[in-house]
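Scroll down for the structure; my scribbles are underneath it.
Numbering (my numbering), first residue to last: 2 to 339.
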């Protein structure tokens, strides 16, 4: 009996007994709030790459595979995960990346976690082992259930393995910096968005706008010249922002609010860290005024995240029906809202 079979049996027994499970990996996503259950089910032992086809830009791995290990294997073929998920000092796993739905600084340009998922294998709340999607770039497997698992925080099932698409690494990258205020930073990124530039990350924090260019050496040099930017920045910044290791997050100490913003909107809070070309911001102020179409999630130690505006009744109804279909007995992560 392998580890996946053990997990399936454990879930089936909990379903039979009407008990609950907290699904955990390495516990790196404390930011998202505590997980509680009568028992804990760990996916740490589900580790290893099952299939890697560099020529097809697809990798399949067990959910407990560390992102560090996966990144190293891909780097040998000059490939990478496009969504660049947080690794949190090496504790992040592929399953955790899918369950949390967190993407790195390049998300607007290279796509989100959901965009990269091709297929998953899960155990649902009835203890059934199910496979959705496929392991090729083009598949016609019907309704794309696999993407429902992204951001669900384990509420719909235990992710056993996943197939995701990968991308070639760029030939070169350059990090640049511009001293400015938040208003000017927003104006610059909106202006750059209208130009054919190889931008793969932006970040404004503490009176400085940081910009990353990625591509061929000639393309990056040409873009740098066109922008007229010559001051170099720290390329390590992007990993620090991705993993919430940037001093901004340490200085926040208590709660922090993630603000999702419509493309092209204006958000000029000087005390915020603003990334994704102005589409995501982190603020120490939980009551910050939202622009039209904005959405805020406040994270506080030891508490479940709170959101505003509250999801409408139609969305809540769909979420409840999905939960009932996948986990009717409420086995997984009780108290966590999907």
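For each residue, glycine too, the CB sits at the ideal point set by N, CA and C.
Please list, in chain order, all residues of the same chain as residue i whose beta carbon is under 6 angstroms from its beta carbon, the five residues on each side excluded.
i           : result
residue 249 : 206 and 274
Taking buried to mean at least 16 other C-beta atoms within 10 Å of its own C-beta, is residue i buried or exposed?
i           : result
residue 19  : exposed
residue 156 : buried
residue 237 : exposed
residue 40  : exposed
residue 192 : exposed
residue 108 : buried
residue 1   : There is simply no residue 1 to check, as the chain begins at 2 and stops at 339 in what is shown.
residue 147 : buried
residue 221 : buried
residue 150 : buried
residue 213 : buried
Tell whether a beta-carbon distance below 9 angstroms holds between residue i and residue j.
i           : j           : result
residue 63  : residue 91  : no
residue 131 : residue 114 : no
residue 299 : residue 257 : yes
residue 83  : residue 116 : yes
residue 210 : residue 246 : no
residue 61  : residue 120 : yes
residue 333 : residue 310 : no
residue 66  : residue 47  : yes
residue 21  : residue 38  : yes
residue 201 : residue 267 : no
Excluding the five sequence neighbours on either side, which residues of its own chain have a C-beta within less than 7 angstroms of the C-beta of residue i, listed in chain order?
i           : result
residue 264 : 280
residue 410 : Look at the range of the chain in this structure, 2 to 339, and you will see that residue 410 is not part of it.
residue 29  : 89, 92, 93 and 97
So for residue i, helix, strand or coil by DSSP?
i           : result
residue 154 : coil
residue 325 : helix
residue 245 : coil
residue 91  : coil
residue 113 : coil
residue 25  : strand
residue 221 : helix
residue 333 : strand
residue 35  : coil
residue 216 : strand
In angstroms with no decimal places, state the Cα-to-Cα distance between residue i and residue j.
i           : j           : result
residue 327 : residue 133 : 13 angstroms
residue 122 : residue 160 : 6 angstroms
residue 230 : residue 173 : 17 angstroms
residue 319 : residue 164 : 26 angstroms
residue 291 : residue 307 : 15 angstroms
residue 118 : residue 9   : 22 angstroms
residue 16  : residue 24  : 14 angstroms
residue 32  : residue 304 : 9 angstroms
residue 27  : residue 45  : 7 angstroms
residue 321 : residue 314 : 10 angstroms
residue 271 : residue 183 : 6 angstroms
residue 285 : residue 269 : 14 angstroms
Excluding the five sequence neighbours on either side, which residues of its own chain have a C-beta within less than 8 angstroms of the C-beta of residue i, listed in chain order?
i          : result
residue 76 : 170
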